Each structure stands twice: as structure tokens, then as C-alpha cells.
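Residue numbers (this note's numbering): 572 to 1437. By construction, the Cβ of each residue, glycine as well, lies at the ideal position given by its N, Cα and C atoms. Note that the coordinates shown come from a computational prediction; the quantities given were computed from them, not determined experimentally.
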């Protein structure tokens, strides 16, 4: 409904048609901008202004009047638009109110419909339940009727057998495939009734004879169809026999007559395998384990082909293919595989324990691969939903489970309890014993030729003999040739085969140092670790995952026992005892310590790479085996430390002995004596040669801080000895020349150590030696330079006092000490102090540390942590 039009006021200037056209609602429905709207209103006025611009000045009035009229029209337009909006809002509110009312009415109607449907559904459910109960009752009644009918038929058949008449049942057997199935069911039920009814013997005998004849006929038909390859007839006869007695006889016939088990060629191959002596590398630990025996690989390939083929046939023929496949696989494992593996293991056992274990591991791995292949074939070809029990057949839930059980049954006799680990230990004892045989024989000879106490060594050798002789004799002595009962050394009684093997394999396993001491070479230790790593691989293959960490710990203890107790402990104990028995220490201890260090490093690497990954999942076992390893390394490090300390003690004692050989008048020589001693006095020459020999041996064997600490201790002790040594002898001016020559020799040999602190100490000693050489008039200048300038006069007095011109030249005045006064240190702290004793804190600290056994032990242990 439009609003009434309003009268318009009188206007001087009416709007042009174009402007009036713009003043409508349609104009503002688009995207017209304000500027564009203004331009369109003013366009006509602008064009008129341009026409009259030459006659008069610009007149704004037309523009003002036009815009006023436009504004008036726009106001009226806005009023009309607002009125229309108000009318529309009122209409919308009325419609919306009616819509909400309609929706509310519809919701009520829908609720009524929902309730009606719920009620209907409940009634339908009640009817359905009633129908189900009726159906169940009808089914029960039908079953009862069927059983009653079947019972009546069975009674009738049974009564016929009582009369000696089986013609009706025979006719049913001749009634085709359907009749045979029905006859199989009736025969099974009659047989069950006959076994329960013991009063009528004639009927029972007749039924049993008929059932035997019926089963025999079905089996003959099945066998004939099997030979002819008629799968349809085989399937029917198998189904009949399954209904008759579960099909056990049919399955047994199928399996027993299978060509795979009847092949004469396989029997000939087994006989050749039994007599074969090939692949002797099984007993050689120096070559990698040979591949799986070719005969076993060929057998498993035949099994794969056969099972893949038979899986399809069994699935097509038998009503319960999964059960039949289980029986077939059980026969394959119990007959073909088990016999073959037993032959392989018995043949390998004739060679050695290692050959036996390698064969056991390789056959286990290859059999496991075969099982995985067979599982794939069976799951692909044979339905696993059928799991019926057949009378007389032991079956599992599926062929996969049957395969796993066959696998376990096959290897349990070799791996159960500690059977496998016991053999592994015997093999390691045998192989490790061969490697250390020459070393142990050498140590036993040293024991015989030595008069010193060898109780520890004897006890250890006896333990080795007790633990290894039986194994090695059993493995190496010829068959039927017993070991000598009077022999106590396993390496002498092992027989010619073992001796020959030892001589050929140990030639590169023992090294001899400069003193003739024999030790195992790096190759020998690496060979032991390689043998042990191979044993661990076998252990992973043959041991259950839950028991693996404990088994690994057991094998690792065997390795530590041989390397520690049976090798390094013996060598270190022998060196320790020998060091205390010789006045002049030799250098045999250094190769032993170096060898111990290398062995510990190799064992540590072996532990990290081969042991830790396998025991990390068992924290308690990991802690235990780690403790054993640390105890093993700590014991060897402690003994090595004892060796070095005892060597240092021996070196110090021998240096003292050599210095004691200095003659009283060596530094008061005649002129001809000076010429003869141009290279130094005899004790000096001997000491230099001795230290040089010790240095060269130590450099070959010790490294890093270990070497530096050891050499520093030697240099420090020699320096202290020389300081006291030169206080004991009077020195002539010519003898002073010999003193400086000796000191120069000492300094030269110590400089080989390349230890700055020792160089400073012997430089001070060289300057001290100069006071025996210089003339009295220049002595004062010597004492005021270098290290001597910082020494207390009381420290220099004992040396100057040994100059033969001490009194005549009044050298006490040079030091400021009277001849008649006894030299004593002043109470106050003098600025001139002893560099060696008091000021040099580095030397002081090193002296304290080097005499501390704990410090030496820490330094030694640091070497093993590199």
C-alpha cells in the first residue's frame, strides 16, 4: 500500500527529465557512488554553462537551485522508502508468528507418530520373539522326529543283522554316491550300538564284518583313484570315510603311500650321506662356518615343491584339508627331516664338537626358513577354518601351529635344559685350549727349570688340565685309542692328530720377546674372540629369547676364564715372582704388560659390540655380566700395576748397586787414568747402558701417561741418588773433569725421556758438577748464576767440602761458612733456597704422586680407557 503523494512547492527551476529519472529507488539499488551521482545531476548544467561562458560570468544559481530541488526530492524518496520498510517489517512479523505456531503444531504431531512407531516396534518385537520360540520348538520337535525316525531305522537295521540279513544296507551302498554317504552314517551308528549292546553277539559280529568290508571297499576305491589321479572319486571316497569313522584310515593311506616317503632314491642318498666324510672344514675354527649341507638344502627344496603341490590336492580332495595337511607335515618332519638331521649331526660329531655345533646351528636356521615357507603355502592353499579331530590322528588347531610344534619337537632333544650350552662350553674349552697350548707348555717348562715357588702356577696348570684334557682327548684321539692314563699334561697326551693340529695352527699364535718370554699374539686373541663371537651367533639361533641373556653370560664367563685365569694371570704372576728373584731386572715384564693392555682393550670392544646388544634388555643380567667384566679388567690392571711397581723397585735397587761400585779414588785420578776414563767412569757407563736398555723396552710397551710416569720415577730416583752420591768422594781438579763427564752422560740419557721437569733437574745437577771443576778464583761467579744462585749455602757445603783444595783455597769463605763451624740451616727463611727441595712445586708434587701406588694405578687405568 503506497503512501499518499504530497503536494510539491512552487519551484523557480524545474528539474530536467534526466535528473528526475535519477531520483528513483532503482538508481540506488546498484553500486553507484556519490561522485558519480553528483556528476550525472550536474552534467546538463555544466554543458549549459559552457555554451554561455563567453557572454557572461559563471552563474552558480542554477546549480544551487538544482541541488536544493534534488535534496527535497531525495528527502521525500527517503520518507517513502522508510514507510515501505515499516510495512514490510509488520508483514514479516505476522508471517513469522504464524510459522512458529505451525512448527509447534507439527512437532506435536510428529511426537504422536514417534510414540505410535515405538509401540508398533515393541509389538512387532514381541511377535518376533514368539515366532523364534515357536521356531525353536518346531526345530526341536523336528530333530526329535528325525532322531526318532533314524533310531527306528537303526533298530530295523540292527534287527536285520540279528536275523543275519544285511541285504537292505548292501543295496543302499550300491545306490550311488548319495547312498554310500547314507550307508556310512548308518554303519557308524550301528557300530556304536553294537559296542554298547553286549547281549547279542551275532548282530555285533555281523555289523563289525559289514563295517570292515565297507571300509575296505572304500579304501580300495580311494587307492585306485589315487593311483589313477582321479581327484573327484578320491574326494567322494574321502567324504564317505570321513562320515564313517572320521577319515583317519583314508588320511593314513594317502600319507603312507605318498611317493615322497617311498622314493628309493632318497634311501640311497641317505646311505651315501651316512658314509660321507666330506666338509672337514666344519672342524676348522679358522675358516667361516660352511654353508648348509647341500643334501639338506636339496631335501628342503623337494619338501617345498611337494607341499606346494599337495596343498592344492588336499584342499580339493579332503573335507577337512587343514587336518590332513597337519598329518602330512608331521610325517615329513618325523620321518624325512628328523632322520636326515640325525645323520648330519652324527657325522659331524665324529669330527669335533665345533663341527657338531655348526651343523646344529645351520640346520636349525635352514629348518626355520623352511617352516616359514611352508606356513605361506599352507595358509594360501588350505582352509584353516576346519579343525575336526580324526580318530587316531594327533592334530593341532592349524597347520601353522602344527609346523611350530614339529620344529620344537625336532630340536628339543638337542637344546633342552643345558645340553646345548654344555656342548658349547666343551667346544670353547677345546678350541681355546689349542690356542694357548704352546704358551702353557712353555710356562710348564719354566716351572720345571725354576727353583722358585711355583705353587700358584702349579695349581692353575692343574685346573687347566682338569678342565680341558677330557674334552680335547675325546675330540682328538683316534677312535678306539685311549689316552695315556699316566699323563697329567693334556697337551702331551692329546694324541698325534691334536699335536699336529696344534703345531700347524699355533705357529703364528705365539710371540717371543727379546728375553725369550712367550706370549699369545694379537692374532691368537683375535682368533679366540672370533671363535667366541661365532658361539654367540649360534647361541642366538638355538636359545629361546627369554633365556638368551643368561646363556650369553654363561658363554662370556668361559671367555674371561681362559683369557684371565688360564693366560694373563699365569703370565703376570710368573713375571711378578721372577722380578723379585733377579738382582738385575730384565725387560720381560714390559711385553707382558703391553700384551695385557691390548688384550683388555680387545675384550672391551668385544663386550661392547657382541655382548651388550644381547643383554641390554635384561637389566639384572646386564649388571651381573658388567660386574664380571669390570672385575676381570680390574684384577688384570691391578696385577699389571704390581708388575710395573716391582720393576721400578728393581730398577732403583740395581741403580743403587751400580753406584756402589764407584771406587774411592775414581775422582782423584792420575793423568793416565783420565785418558782411560774419557767416556766416563765404569759405574756411569753401566748405568747409562742399563737405563738405555730399560728406556727402549718401556717405549715399545708403554704409552702416554703410563710411559711418562714410569720414566719420571726412574729419572727422579737417579737424580736423588746422584745428589747423595757426589757427597761421598773427594775430587781433584782433574777428577772434576770426570765428574762433569759422568753428569753429562747422565743428562744425555735422561734427555731421551723428553720430560721437561727431568731436564731441569739434571741441568741443575750439571751446574752443581761445575763447582768441582772451576778454579777457586772464579767459583764465586759460578755460584751466583743459574740454579746455584738460588741454592742455600748449606746445600752446597757438602759438595765444596769434597774438593781437595777446600781448606787450602779457603772455599768456606766463598759460601760465608767458617771451616770450624758445622753447617746448619738458618732459622729464618733465606731468600736463597733449594730449588729442588723447596721451591720447585712441580717436582715436589710429582715426587709425591709418583711414590703413591694409588696414583700409579689411576694412571695405568687411564690407558685402558682410551
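Pick from the options: whose alpha carbon is nearest that of residue i?
i	options	result
residue 990	1082, 1225, 1018, 1114	1114
residue 886	871, 978, 805, 863	805
residue 1276	1235, 1370, 1326, 599	1326
residue 1500	894, 920, 931	A query on residue 1500 cannot be resolved here, the shown segment of the chain reaching from 572 to 1437 and no further.
residue 1123	1301, 1200, 1368	1200
residue 595	634, 897, 652	652
residue 635	1167, 649, 616, 648	616
residue 1255	1292, 1268, 1278	1292
residue 1253	1223, 1271, 1314	1314
residue 1120	1191, 1259, 1096, 1267	1191
residue 1127	1195, 1188, 1161	1195
residue 1184	901, 1197, 1173	1197
residue 903	1019, 978, 604, 1129	978
residue 1274	710, 1164, 796, 606	1164
Taking the beta carbon of residue i as the centre, do at least 16 other beta carbons fall within 10 Å, making it buried, or is it exposed?
i	result
residue 1000	buried
residue 1099	buried
residue 685	exposed
residue 632	exposed
residue 1264	exposed
residue 1363	buried
residue 640	buried
residue 971	buried
residue 835	Since pLDDT at residue 835 reaches only 45, below the 50 mark, its modelled position is unreliable, and the value read off the structure follows with that caveat. Counting Cβ neighbours within 10 Å, residue 835 comes out exposed, since fewer than 16 surround it.
residue 1238	buried
residue 706	exposed
residue 1090	buried
residue 1178	buried
residue 1150	buried
residue 670	exposed
residue 681	exposed
Which residues in the same chain as residue i place their Cβ atom closer than 7 angstroms to its Cβ, once the five residues preceding and following it in sequence are excluded?
i	result
residue 986	1113
residue 1203	1131, 1135
residue 994	924, 927, 928
residue 1338	1357, 1358, 1359
residue 1105	860
residue 1377	1371
residue 878	945, 948
residue 1139	1167, 1170, 1207
residue 1290	1332, 1333, 1336
residue 801	none
Classify residue i as helix, strand or coil using the three-state DSSP reduction.
i	result
residue 704	helix
residue 1089	strand
residue 858	coil
residue 983	helix
residue 1302	strand
residue 1318	helix
residue 1232	coil
residue 529	For the chain, the structure presents residues 572 to 1437; residue 529 sits outside this window and is missing.
residue 1053	Low per-residue confidence applies at residue 1053: pLDDT is 32, beneath 50, and the placement is therefore not dependable, though the value from the model is reported in the following sentence. Here residue 1053 sits in coil by DSSP.
residue 668	helix
residue 1401	With a pLDDT of only 35 at residue 1401, under the threshold of 50, the placement of this residue in the model should not be trusted, and no figure is reported.
residue 1118	coil
residue 603	coil
residue 1164	helix
residue 773	helix
residue 1187	coil
residue 589	helix
residue 1323	coil
residue 970	helix
Let me check one thing: in DSSP terms, what residues is residue i bridge-paired to?
i	result
residue 1081	1091
residue 1374	1302
Less than 6 angstroms between C-beta atoms, sequence neighbours within five positions excluded: which residues of the same chain meet that for residue i?
i	result
residue 646	none
residue 590	612
residue 933	863
Only counting the same chain, and skipping five residues up and downstream in sequence, which positions put a Cβ closer than 8 angstroms to that of residue i?
i	result
residue 762	778, 779, 782
residue 1225	1154, 1155, 1156, 1261
residue 957	Its pLDDT being 43, under 50, residue 957 is placed unreliably by the model, and the measurement read from it follows with that caveat. 890, 891, 892, 893, 894, listed in sequence order.
residue 586	594, 637, 640, 641, 644
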